[in-house]
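Reviewing the structure listed below.
There are 2 protein chains.
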Amino acid sequence: MKALKIPEATVVRLSLYSRHLRQLINDGTLTVSSGEIAAGVGVSSAQVRKDLAYFGEFGTRGVGYNVQELHGHIVRILGLNREWNVVIVGVGKLGSALAVYKGFASRGFNIVGLMDVSEQRIGLSLGKLVIEPLTILEQRIREKSVKIGIITVPGSAAQEVADMMTAAGVSSILNFSPRVLKVPKRVILRNVDLSVNMEVLSFYLSRFESRQ
Amino acid sequence: MKALKIPEATVVRLSLYSRHLRQLINDGTLTVSSGEIAAGVGVSSAQVRKDLAYFGEFGTRGVGYNVQELHGHIVRILGLNREWNVVIVGVGKLGSALAVYKGFASRGFNIVGLMDVSEQRIGLSLGKLVIEPLTILEQRIREKSVKIGIITVPGSAAQEVADMMTAAGVSSILNFSPRVLKVPKRVILRNVDLSVNMEVLSFYLSRFESRQ
Numbered sequence: 001m002k003a004l005k006i007p008e009a010t011v012v013r014l015s016l017y018s019r020h021l022r023q024l025i026n027d028g029t030l031t032v033s034s035g036e037i038a039a040g041v042g043v044s045s046a047q048v049r050k051d052l053a054y055f056g057e058f059g060t061r062g063v064g065y066n067v068q069e070l071h072g073h074i075v076r077i078l079g080l081n082r083e084w085n086v087v088i089v090g091v092g093k094l095g096s097a098l099a100v101y102k103g104f105a106s107r108g109f110n111i112v113g114l115m116d117v118s119e120q121r122i123g124l125s126l127g128k129l130v131i132e133p134l135t136i137l138e139q140r141i142r143e144k145s146v147k148i149g150i151i152t153v154p155g156s157a158a159q160e161v162a163d164m165m166t167a168a169g170v171s172s173i174l175n176f177s178p179r180v181l182k183v184p185k186r187v188i189l190r191n192v193d194l195s196v197n198m199e200v201l202s203f204y205l206s207r208f209e210s211r212q
Numbered sequence: 213m214k215a216l217k218i219p220e221a222t223v224v225r226l227s228l229y230s231r232h233l234r235q236l237i238n239d240g241t242l243t244v245s246s247g248e249i250a251a252g253v254g255v256s257s258a259q260v261r262k263d264l265a266y267f268g269e270f271g272t273r274g275v276g277y278n279v280q281e282l283h284g285h286i287v288r289i290l291g292l293n294r295e296w297n298v299v300i301v302g303v304g305k306l307g308s309a310l311a312v313y314k315g316f317a318s319r320g321f322n323i324v325g326l327m328d329v330s331e332q333r334i335g336l337s338l339g340k341l342v343i344e345p346l347t348i349l350e351q352r353i354r355e356k357s358v359k360i361g362i363i364t365v366p367g368s369a370a371q372e373v374a375d376m377m378t379a380a381g382v383s384s385i386l387n388f389s390p391r392v393l394k395v396p397k398r399v400i401l402r403n404v405d406l407s408v409n410m411e412v413l414s415f416y417l418s419r420f421e422s423r424q
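The listed protein sequences correspond, in order, to chains W and U.
FYI, in our numbering the residues of the first sequence are 1 to 212.
FYI, in our numbering the residues of the second sequence are 213 to 424.
Below is the structure:
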């Protein structure tokens, strides 16, 4: 990922800009300034301009950005102008929550497989899918050209699942397990730790309380 | 949050550094360089030094950081040297997953209340807690001095829940609903959108594919 040069923080912000622009489209807004985008997302307007500058010239000085056009650009930059097939391995509470998460389908992420090793879970329906045994993972990845794998198994099983996914051709993994995973260089790995969000809150909370 | 000056991205990285340092402690490592921390977390060593410099001088030039000491500093900076009581409102799939998420308790976040409006859910046990009606939210927040509220209700109910939380004295909210919430200035609000992680993957995937 480093070789691609665009900072990951910029990509995360592009994702936030695209949400804000979609809201503006829904509200019927036609043009927007970098300052207005910045205020809507909670960053500086210089940051907005710098992030967008990685990808070319979008706005008109003194006029701002055409909302529809800028949204379309960002959607293409983020690769959201197409659909991506996704499998989820580990259909416990978190895996189930992700399997029915509405934000995925609306942005082009199609969950096409749910796999687990638990006999109690295999065969159950969740949304439009039936939970399948882990042994079918490689076949599903190949036949559905799955590019994204989500790992929501316990840490002890995570590396094995990652190995199966990458062997079958998955090129990116979202890892919710606490385990640090080893993947081939060509595979994009993103680790999600839900307690990071809580720690950001406790940072600001304890600074706030120490001032009182 | 802006008035507190430390960039949120720095706080997020501190959280990642603390994880890496805990791992080093477990491995028995005594000292570490900024370059080693950087490699472990996936940022530049200049970034590590800059982030730490906000909070004072920690390392010794040419020797590096004492792992235990630096970990202790960061834990205190993040406010993780104490416990925080937390309520979760909305005990659907995502709320249930968070209610039993092991990463919370181990970092000092105690879930002390689970509330929902569904008659099917109220009275059910989840971990050590019983799901209670939303009407009891304000009482629980006051009697347990809850500082952090997690919102995992549908967007249509999210503002009402946020209002109830802040009226009862919650000072920070983690919002998993897609709704943009209005909260009083004194309240720290953090929005979590799980599809942002997917969009970062699709960004790198589409850049990678367009090169082939």
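The C-beta atom is built at its ideal place from N, Cα and C for all residues, glycine as well.
Predicted, not measured: the structure shown is a model, and the values here were computed from it.
Q. Who pairs with F109/W in a beta bridge, going by DSSP?
A. The count along the first sequence starts at 1 and reaches residue 109/W at position 109. The partner list for F109/W (beta bridge, DSSP) reads W84/W.
Q.
Assess contact between the segment 380-387 of chain U and the segment 128-139 of chain W, defined as three or more Cβ pairs (one per stretch) separated by less than 8 Å. Is contact present?
A. no
Q | Reduced DSSP category for T222/U - H, G, I as helix; E, B as strand; rest coil | A | By 1-based counting over the second sequence, the position of residue 222/U is 10. Note: T222/U maps to helix in three-state DSSP.
Q. By how many angstroms is the C-alpha of P366/U removed from the C-alpha of N85/W?
A. Counting from one through the first sequence, the residue named residue 85/W turns up at place 85. Counting from one through the second sequence, the residue named residue 366/U turns up at place 154. Distance between the alpha carbons of N85/W and P366/U is about 25 Å.
Q: Within the same chain, show all residues whose beta-carbon is closer than 8 Å to that of I237/U, passing over the 5 residues directly before and after it, in chain order.
A: The sequence position of residue 237/U within the second sequence is 25, counting from 1. Counting only Cβ-Cβ distances below 8 Å, and skipping sequence neighbours, we find V279, Q280 and H283.
(Q) The beta strand (DSSP E) that contains L386/U, what's its start and end? (A) Working through the second sequence from its first residue, we reach residue 386/U at position 174. DSSP places L386/U inside the beta strand (DSSP E), whose first and last residues are S384 to N387.
Q) So does the segment 48-55 of chain W actually touch the segment 265-279 of chain U, counting three or more Cβ pairs closer than 8 Å? A) At 8 Å Cβ cutoff, the stretches do not touch.
Q: Report the rounded CA-to-CA distance for T152/W versus T60/W, giving the unit in angstroms.
A: In the first sequence, the residue the question calls residue 152/W occupies position 152. In the first sequence, the residue the question calls residue 60/W occupies position 60. A straight line joining the alpha-carbon of T152/W with that of T60/W spans about 45 Å.
(Q) Give me, in chain order, the residues of the same chain whose beta-carbon lies closer than 6 Å to that of L292/U; leave out the 5 immediate sequence neighbours on both sides. (A) Residue 292/U sits at position 80 when you count from the first residue of the second sequence. Around L292/U: R319 and G320.
Q) According to the neighbour-count rule (16 or more other Cβ atoms, all chains shown, within 10 Å of its Cβ), is V275/U buried or exposed? A) Along the second sequence, one-based indexing puts residue 275/U at 63. Its Cβ having fewer than 16 others within 10 Å, V275/U is exposed.
Q: Have a look at L78/W, P184/W, G28/W and Q159/W and flag the residue whose alpha-carbon is nearest the alpha-carbon of V89/W.
A: Taking the first residue of the first sequence as 1, we reach residue 89/W at position 89. If we check each option's Cα against that of V89/W, Q159/W comes out closest.
Q. From the DSSP output, which residues share a beta bridge with M164/W?
A. On the first sequence, position 164 is the one that residue 164/W refers to. Beta-bridge pairing links M164/W to no other residue.
Q. Where does the unbroken beta strand (DSSP E) through G361/U begin, and where does it stop?
A. Taking the first residue of the second sequence as position 1, residue 361/U is located at position 149. G361/U -> beta strand (DSSP E) spans I360 to I363.
Q.
Assuming the contact rule is C-beta atoms closer than 8 Å, G113/W and R142/W should be a hit. Round their C-beta distance to whole Å, please.
A. Against the first sequence, residue 113/W aligns to sequence position 113. Against the first sequence, residue 142/W aligns to sequence position 142. That pair is no contact at about 11 Å.
Q | chain U contacts from the segment 69-101 of chain W (Cβ-Cβ distance under 9 Å) | A | Taking 9 Å as the Cβ-Cβ cut-off against chain U, the residues of the segment 69-101 of chain W that qualify are R76, I77, L78, G79, L80, N81, R82, W84, V86, G92, K93, L94, G95, S96, A97, L98, A99, V100 and Y101.
Q | Simplified DSSP state of S145/W, which is helix, strand or coil | A | As a position in the first sequence, residue 145/W is number 145, starting the count at 1. Residue state, collapsed to three classes: coil.
Q: Kindly indicate the opening and closing residues of the alpha helix (DSSP H) around L417/U.
A: Mapped onto the second sequence, residue 417/U falls at position 205. Where L417/U is concerned, the enclosing alpha helix (DSSP H) stretches over L406 to S422.
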